[in-house]
Structures are given as structure tokens and as C-alpha cells.
Amino acid sequence: MKPDEKVSKIIEKLKGVYPEPKLALHYSNPFQLLVAVILSAQCTDERVNQVTRELFRKVKNPQDLINIPLEELEELIKPTGYYRQKAKNLKACCERLAEEYGNAIPKSIEHLTKLPGVGRKTAAMVLGNAFGVNEGIAVDTHVKRLSQRLGLSTSKTPEKIEKELMQMVPQDLWTWLSNAMILHGRHICRARNPRCSQCPLTDYCDYFLNK
DNA sequence: CTCCCGATAT
DNA sequence: ATATCAGGAG
């Protein structure tokens, strides 16, 4: 099967299962989404939600977060791991949002990735889900694993995988694809014990076909 | 490439 | 008990 034919089939199948995939993260505005995604680095979304449930009662905008003492912030986010780094990044990030963006969230990957603690994955995810802007594809561990198992990419770095996916997939589907692949990776194409028997993509999956 | 960290699956 | 999960910065 030709590569673009394969991509079309995969998209078609995923659309059947995940017509409107949304993030598992809880948030009520773009700022909270940014905070939640920063906290989600190397951490499950469920755990982030446990933490933000408390955190977002106190923090609704960058200024709120700046006003929380560093030690208190560290304690609040501790269960998400890397809590010292994340607390420091979050503080610095909010100071920049306050100083340079009038407490708003910038709407481009360019600007977002310059914020402390924000890489391509976080930027693409915030942009796509808070503003509906398809400027990149959030390649997290799930998107990476699915891309490799399906044989959509042979690259190892998220940056290269993102570029390859961006070539293959229509731009208006970038955010949708990322969200769908993340859901599929969590529930079906899991890192350990993937549920191939429940997967609609096995006909197009190198991993399944070669095992 | 290494460091940053807690929680859960095995 | 220990391997595995899960991104960004220096």
C-alpha cells in the first residue's frame, strides 16, 4: 500500500472511533490549559487532574500563580513529578505572560515555545485545543509510539516525527489527529500489552503485521 | 546526553 | 523490589 493511501485509511478508521476526541485534562480557560499541559510532562493526565482540582481553585490567571509562594506551589504540584522544575517554570512562565502578553496566552507556536517549560508538544496542544489553531502536531509519547508501530514514521525524535506527519496529514486535521492518537494510545495501542484484538488499524499496522 | 521526580504496573 | 510511564532544559 502506498504511504498516502495508508494514511487516508488510518484517518478514516480513527474518525469512526474518535469523531471528536478531546483532551482528558480538566481546564476552564486557555491559561489553565497551558498550566495543565505543562504539568502533564512525564505524568498521566489523571494525576494532573487530581492536582489541578485543588490548584485551579486558587489559580485562574497568571497573576494568581505569581502570588502563590514557590514552596506552596511545589507542594501543590508535587504528585506530578519534577515538581521543583515545574514550579520554577510555571512561575517564570506566568511572569512572562504578565509582562509581555498582558496575561493573555500567545497564539503562535513561535511565541509559546519561548515560554519556560513550554516545548513543541505543549505549544501545539494548547494552540490546537484552546484556540483551534492547527500550527503543529503535538507528538507526545503516544503519538510517537503509534507513528512508529503503524509505520508512519521511522524517526526517533518527536521533532522529526512531527515534520513527517505534517507532510502526510491535511493541516486542518492536525489537532484532531494528535488528540485521536493520544486516546487510541492510552486505551488500545498501549505501551505495554497493546490491545491489538480491539484495534481497527491492524490492517495498516506494521507492528501487528510483523508480530 | 543527562538531569529532573512521583506513582503504578509487574 | 524494580521496571516502566511520561517532556523540557541545559
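Just so you know, we're using the numbering used here here: the first sequence kicks off at 72 and counts up by one.
Every residue gets a Cβ at the ideal spot worked out from N, C-alpha and C, and that includes glycine.
Following the DSSP letters along the chain, one finds C165 inside the alpha helix (DSSP H) bounded by residues Y154 to Y172. Beta-carbon to beta-carbon, H213 and G256 are separated by about 3 Å, close enough to satisfy the 8 Å threshold. For D211, the three-state secondary structure derived from DSSP is coil. Ranked by how close their Cα comes to the Cα of K162, the residues V240, E142, E76 and L221 have E142 in first place. Inter-residue distance for N281 and N160 is about 43 Å (C-alpha atoms, whole angstroms).
Check the Cα spacing between V78 and each of Y278, Q121, I253 and L236: the tightest is with L236. Linking W247 to I82 through their CA atoms gives a straight-line distance of about 10 Å.
Spanning the alpha carbons of R216 and I232 requires a straight line of approximately 10 Å.
Look at the beta carbons and you see the segment 107–126 not touching the segment 267–281: under three pairs across the two are nearer than 8 Å. Boundaries of the alpha helix (DSSP H) harbouring M196: R191 to F202, taken from the DSSP string. With fewer than 16 other Cβ atoms from the protein chains shown falling within 10 Å of its own Cβ, D243 counts as exposed. For L198, the closest alpha carbon among the candidates L183, P187 and Y89 is that of L183. In the structure shown, G256 falls within a helical segment according to DSSP collapsed to helix, strand and coil. For M237, the enclosing alpha helix (DSSP H) stretches over residues P229 to M239. Put simply, the backbone Cα of C165 is about 8 Å away from that of N174.
Contact between I180 and A195 holds, since their C-beta atoms are separated by about 6 Å, short of 8 Å. Taken in chain order, the unbroken stretches of alpha helix (DSSP H) that lie wholly in the segment 90–129 and span 4 residues or more are 101–110 and 116–129. In the DSSP annotation of this structure, the continuous segment of the alpha helix (DSSP H) that includes P74 starts and ends at P74 to V88.
Distance from the Cα of R261 is smallest, within the candidate group P150, W245, G87 and S218, for S218. Contact annotation: N120 and H97 have beta-carbon atoms nearer than 8 Å. Distances from the alpha-carbon of F202 to those of A169, M72 and F102 put F102 closest. Inclusion of P74 and M239 in the CB contact set at 8 Å is warranted, their separation being smaller than that value.
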